[in-house]
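Novice: Dropping the structure in here first, questions after.
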Amino acid sequence: MKGKGKIKEKNKKASNKSANKLGHSFEVPDCRLSSLPDDIILHILSFVDTKLAIRTSILSKRWLHLWPFIPAFNISCNSFRNATSLNQFITKFLISHNTSNVHTLILDDLSFLNSNSSLVPQLIRHVVSRQVQHIVLDFSWRVPVYKVVYNLSNCPLDLIAPDCLLASQSLKSFKLIGTYALKISSLNLPSLKTLTLRSVWVDIDNPLFDILLRCPSLESLELNDCSGFCCKSNSFIFSSLKILKLYKINIMRRQEGTNLPCDMFSGLVSLEDLEICRGYLYNPNGFILSCPRLVKLKLLSVMFRLGNKLILSAPRLQYFKFVPDGGVFHDVDFVLENTTTFQVVDIHSRWPKQMSKKWTEEKFPVIVKLFEGLRSVKSLYLTLDTIKGLSLFTDIMLENQTCPLDNLEVLKVRVPSNEVENLQIPIEVMRYLRSGTKKLKDIDVLVE
72 MKGKGKIKEK NKKASNKSAN KLGHSFEVPD CRLSSLPDDI ILHILSFVDT KLAIRTSILS
132 KRWLHLWPFI PAFNISCNSF RNATSLNQFI TKFLISHNTS NVHTLILDDL SFLNSNSSLV
192 PQLIRHVVSR QVQHIVLDFS WRVPVYKVVY NLSNCPLDLI APDCLLASQS LKSFKLIGTY
252 ALKISSLNLP SLKTLTLRSV WVDIDNPLFD ILLRCPSLES LELNDCSGFC CKSNSFIFSS
312 LKILKLYKIN IMRRQEGTNL PCDMFSGLVS LEDLEICRGY LYNPNGFILS CPRLVKLKLL
372 SVMFRLGNKL ILSAPRLQYF KFVPDGGVFH DVDFVLENTT TFQVVDIHSR WPKQMSKKWT
432 EEKFPVIVKL FEGLRSVKSL YLTLDTIKGL SLFTDIMLEN QTCPLDNLEV LKVRVPSNEV
492 ENLQIPIEVM RYLRSGTKKL KDIDVLVE
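Residues in the sequence shown are numbered consecutively from 72, following my numbering.
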């Protein structure tokens, strides 16, 4: 028996040597990474795909028992052959995972979730019970949208995610990406500060801004292409919201019995950054943006009702970027009130190539009124098309017109790379822009 024991011990040593030769265990005494404290190594591994992070355990004996304590779960589901292999991986992970705190859960490309999803809610319960703070759920599909809608049939989120997720006390940021097939109808997240919803169906019977009333700490909100979006009230009321980004969101208000413009953002008393992109704003009486703390505003390819008025009242506004829908500056009438702190204004616009004299005479006062509202601006960005558009008003400019931009110091013109070689900026336009200020010297050309 003793002889057999010695033989087994020798075989074990030999197998360890062969394992080292095959590269199954790498012991590098001078490895700087291995010399780091466990907390730092775990912090580094928390940024790596979990599947890959677990594989790093073969690099060192010291790392062999580290991965169960990784405080983050980050997995791309498309790295698995099918739902079965994903479920097996999650099962082993849940059995071995041994840390009491998990700060992040990222599940990317859950493209076969409808076939077998029982372990995903189990994983979510696992991280929520460990006070998870950041969650990203990506239900994007790599198939045509009509197949997705057919498969999930506007499935409510709470059928896939457990109730504990939608009522987590610790969650601080939540990003949900769907394909119009996930319906959201309730949230109760008192610690939530950042919320991103992309391609998510919002329950029409329970408007989104009513849903968010149970998120009193919300500071940043992004809505991107959310079907079913609506707001029954005339304004959004969130005292804590600082950042609001609306992409492909249509806001249509019709206030019966009044001729006053719609002031939808007046309830956002802490709002500092507002971006509206590729949406449609419609109200027969126009809109007001009255935000007392607004510092940064972007209106990018926003469609207005022809002739709609947009009144901007933001005493702290410093940065303003405007890109008209289709690039043509003729579908909105700007009225800038109480805006004296402009630092940078970026206008991407052009004018129709063919304009009647009457149209020109009517439109130039609109441009002058816009410039009057931008009187305090120090840096102005204009496209070459904008400069060319201004040149169409040459006759009017020469009639002793003085540009209202009396504080302008920097003028930058965005020029397409294919037009740089033959670049010509009309003298009349430059003379007009310089007529109101002595601070403007040179023009900077930005090649795009």
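Yeah, the Cβ is synthetic: ideal placement off N, Cα and C, and Gly gets one too.
Keep in mind the model is a prediction, meaning the values are calculated, not measured.
With distances taken from CA atoms, which of SER361, ASN295, VAL271, ILE308 is nearest LEU289?
Specialist: Closest by alpha carbon: ILE308.
Novice: Measuring CA to CA, which of GLY350, ALA238, ALA385 is closest to MET374?
Specialist: If we check each option's Cα against that of MET374, GLY350 comes out closest.
Novice: Under three-state DSSP, which class holds ALA124?
Specialist: Note: ALA124 maps to helix in three-state DSSP.
Novice: Excluding five sequence neighbours on each side, which residues of the same chain lie with their C-beta closer than 7 Å to the C-beta of LYS509?
Specialist: Closer than 7 Å at the Cβ level, and outside the excluded window around LYS509, lies no residue.
Novice: So is PRO395 buried or exposed if we call it buried at 16+ other beta carbons inside 10 Å?
Specialist: Classification for PRO395: buried.
Novice: Got a sec? Which residues, its chain only, sit under 8 Å from ILE458 by beta carbon, not counting five neighbours each side?
Specialist: Hits under 8 Å: VAL484, ILE496, PRO497, VAL500.
Novice: Could you give the C-beta distance for HIS174 and GLN193, rounded to a whole number, given that I count them as a contact under 8 Å?
Specialist: 19 Å between Cβ atoms; not a contact.
Novice: Could you compute how far the alpha carbon of VAL366 sits from the alpha carbon of SER341?
Specialist: Approximately 10 Å between the Cα atoms of the pair.
Novice: Just the Cα atoms here: how many angstroms apart are ASN489 and PHE442?
Specialist: Roughly 29 Å between the two C-alpha positions.
Novice: For LEU388, I'd like the list of residues in its chain whose CB is within less than 7 Å of its CB, leaving aside the five on either flank, ordered along the chain.
Specialist: LEU365, VAL366, LEU368, THR410, THR412, PHE413.
Novice: Taking its Cβ as the centre, do 16 or more other Cβ atoms sit within 10 Å of VAL516, making it buried, or is it exposed?
Specialist: Exposed is the call here.
Novice: Which term fits ALA111, buried or exposed, when burial requires 16 or more other beta carbons within 10 angstroms of its beta carbon?
Specialist: Residue identity check: residue 111 is Ile in the sequence provided, not Ala. It is exposed - the Cβ of ILE111 has fewer than 16 other Cβ atoms within 10 Å.
Novice: Quick check on DSSP: helix, strand or coil for GLU490?
Specialist: In this structure, GLU490 counts as helix in the three-state DSSP scheme.
Novice: Using three-state DSSP, classify LYS92 as helix, strand or coil.
Specialist: Note on LYS92: pLDDT 37, under 50, position unreliable in the model; no value is reported.
Novice: Alpha carbon to alpha carbon, what distance is there between ILE282 and LEU237?
Specialist: Distance between the alpha carbons of LEU237 and ILE282 is about 11 Å.
Novice: Quick one, which of ILE322, ASN149, LEU292 has its alpha-carbon nearest SER311's?
Specialist: Cα-wise, what sits closest to SER311 is LEU292.
Novice: In the structure shown, what three-state DSSP assignment does SER420 receive?
Specialist: DSSP places SER420 in coil when its eight states are reduced to three.
Novice: For MET501, which of helix, strand or coil comes out of DSSP?
Specialist: Three-state DSSP puts MET501 in a helix.
Novice: To the nearest angstrom, how far is it from the Cα of CYS297 to the Cα of LEU178?
Specialist: Each residue's Cα considered, the two are about 20 Å apart.
Novice: Under a three-way DSSP split, which group does LYS132 fall into?
Specialist: LYS132: helix per DSSP, three-state reduction.
Novice: Quick one: grab the DSSP three-state call for HIS205.
Specialist: HIS205: strand per DSSP, three-state reduction.
Novice: With LEU258 and ARG285 assumed to form a contact (beta carbons below 8 Å), what rounded beta-carbon distance in angstroms separates them?
Specialist: About 6 Å separates the two Cβ atoms, so the contact holds.
Novice: Going by C-alpha distance, which of ASN354, CYS474, PHE164 is nearest ASN330?
Specialist: Cα-wise, what sits closest to ASN330 is ASN354.
Novice: So the beta strand (DSSP E) PHE358 belongs to, where does it begin and stop?
Specialist: First-last of the beta strand (DSSP E) with PHE358: 358-361.
Novice: Determine whether the Cβ of CYS297 lies closer than 9 Å to any Cβ atom of chain C.
Specialist: Among the chains of the structure shown, chain C does not appear; only one protein chain is present.
Novice: For ILE347, does the count of other Cβ atoms within 10 angstroms reach 16, so buried, or fall short, so exposed?
Specialist: Looking at its Cβ environment, which holds 16 or more other Cβ atoms inside 10 Å, ILE347 is buried.
Novice: Hey, quick one: how far does the beta strand (DSSP E) through LYS46 stretch, first residue to last?
Specialist: Look at the range of the chain in this structure, 72 to 519, and you will see that residue 46 is not part of it.
Novice: With a threshold of 7 Å on Cβ separation, who are the neighbours of ALA143 within its own chain once the five nearest residues in sequence on each side are excluded?
Specialist: Taken in chain order, the residues that qualify are SER117, VAL173, HIS174, THR175.
Novice: With a cut-off of 8 Å on the beta carbons, I'd call VAL416 and VAL448 a contact; round off their distance for me.
Specialist: At roughly 5 Å, the Cβ-Cβ gap stays under 8 Å, so VAL416 and VAL448 are in contact.
Novice: Taking the C-alpha atoms as reference points, what is the distance between LEU445 and GLU408?
Specialist: Cα to Cα, LEU445 sits roughly 10 Å from GLU408.
Novice: I'd like the ranges of any alpha helix (DSSP H) spanning at least 4 consecutive residues and lying wholly in the region 142-178.
Specialist: Here the runs fully enclosed are 154-167.
Novice: Check LEU517 in the structure and name its three-state DSSP category.
Specialist: Strand.
Novice: Measuring CB to CB, does ASN295 end up less than 9 Å from SER270?
Specialist: Yes, Cβ-Cβ distance for ASN295 and SER270 is below 9 Å.
Novice: How far does the alpha helix (DSSP H) with LEU455 in it reach, from first residue to last?
Specialist: 455-462 is the span of the alpha helix (DSSP H), which, as asked, contains LEU455.
Novice: Keeping to the same chain, check which residues put their C-beta closer than 7 Å to that of ARG152; ignore five residues upstream and five downstream.
Specialist: Around ARG152: no qualifying Cβ.
Novice: Considering only the alpha carbon of each residue, which of GLY460, THR465, GLU519, LEU504 lies closest to VAL491?
Specialist: Checked all of GLY460, THR465, GLU519, LEU504; the closest Cα to VAL491 is GLU519.
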